[in-house]
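Visitor: All residue numbers for the sequence shown refer to the UniProt record's numbering, where the first residue is 1 and numbers rise by one.
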Amino acid sequence: SGFFADKTLGPRVAAWAHSLLQLCHRGLKSSGSGEPHHRMASVNTACAVAVGCRNSIISRLNNPEEKSFMYRNALEDAAILEAVKFLRKAADDRYPEVRAAAARFASIVCSMLILARPSSSSGGSGGGMGGMVSSLSSSGGGGEGSGGGGANNAIASLLSSLDEVMVLAMRNLDDESPGVSSSWSEALAR
1 SGFFADKTLG PRVAAWAHSL LQLCHRGLKS SGSGEPHHRM ASVNTACAVA
51 VGCRNSIISR LNNPEEKSFM YRNALEDAAI LEAVKFLRKA ADDRYPEVRA
101 AAARFASIVC SMLILARPSS SSGGSGGGMG GMVSSLSSSG GGGEGSGGGG
151 ANNAIASLLS SLDEVMVLAM RNLDDESPGV SSSWSEALAR
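#1: Between which two residues does the alpha helix (DSSP H) carrying V84 extend?
#2: Give the single residue among A91, K89, W16, S160 whose Cα lies nearest to the Cα of G52.
#3: Short of 8 Å in beta carbon distance, which residues of its chain neighbour C24, apart from the five on each side in sequence? Order them along the chain.
#4: When you compare each of T8, P36, A78 to S56 by their alpha carbons, which one comes out closest?
#5: Can you tell me the Cα-Cα spacing of I108 and E186, whole angstroms?
#6: Just the Cα atoms here: how many angstroms apart are S181 and S19?
#7: Could you say which of P36, E35, R26, R60 lies nearest to A14 if we only look at CA atoms?
#8: Please name the residue, chosen from R88, E97, V98, A74, that lies closest to S111 on a Cα-to-Cα basis.
#9: Can you check which of these residues, P178, I114, N172, S183, is closest to Y71 by C-alpha distance?
#10: Output needed for E97: all residues of its chain with C-beta closer than 7 Å, excluding positions within five of it in sequence on either side, in chain order.
#11: Hey, out of D163, E176, R190, S160, whose CA is closest to D93's CA?
#12: Are the beta-carbon atoms belonging to G179 and A100 less than 8 Å from one another?
#13: Below 8 Å on the Cβ atoms is my guess for R104 versus S183; work out the distance and round it to an integer in Å.
#14: Going straight from the alpha carbon of R12 to that of L21, what length do you get?
#15: Who are the near neighbours of R54 in its chain, counting only those whose CB is closer than 8 Å to its CB and skipping five residues on each side?
#16: Report the rounded CA-to-CA distance for G140 versus L188, giving the unit in angstroms.
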């Protein structure tokens, strides 16, 4: 993991997450020569970027001792979409080591796959970096019976990347390699 896991330098990677994930995706696509080492390095780097971004969001919370299960705005929307594209490519790799590492990346990044709010509702609660998922439930206004179909659609669109990773994990549960299938089951459990 190197400097990505460092408490001081790791948080600085969040601003570069999209570019670094694109670089990892290109590395995953360009590798060849019949061995998985280059691809594994790409996936391991993506895991390190996710850890750095998670450390960044934890350090920006008002109370760093309190750790949440899910973080909104931990990654930019473009980085979230790139992470999902990267996961799709890595999950379909021919080498089981790469597929297992992709499951590890999914486990790490899944807590940060909530897209930012649409700009039309920017005056609400949760503000800035590190808003928790609990602030999503406050966007509905009334109770369950108040006809909040638009709010439900907005929440569904915020969670679409997380849903896509969940479907990807379920699809890979029956992988022929036992280590890969157990890694994807762990990712699904998270």
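We treat Cβ as the ideally placed atom computed from N, Cα and C, and that holds for glycine.
Guide: Working from what's here:
#1: 77–91
#2: W16
#3: The residues are S42, V43, T45, A46, V49, F86.
#4: The shortest C-alpha separation from S56 is found at T8.
#5: 11 Å
#6: 30 Å
#7: R60
#8: A74
#9: The residue with the shortest Cα to Cα distance from Y71 is I114.
#10: P36, M40
#11: E176
#12: yes
#13: 6 Å
#14: 15 Å
#15: Y71, A74, I108, S111, M112
#16: The pLDDT assigned to G140 is 41, lower than 50, so where the model puts this residue is not dependable; a value taken from the coordinates is nonetheless given after this. Distance between the alpha carbons of G140 and L188: 27 Å.
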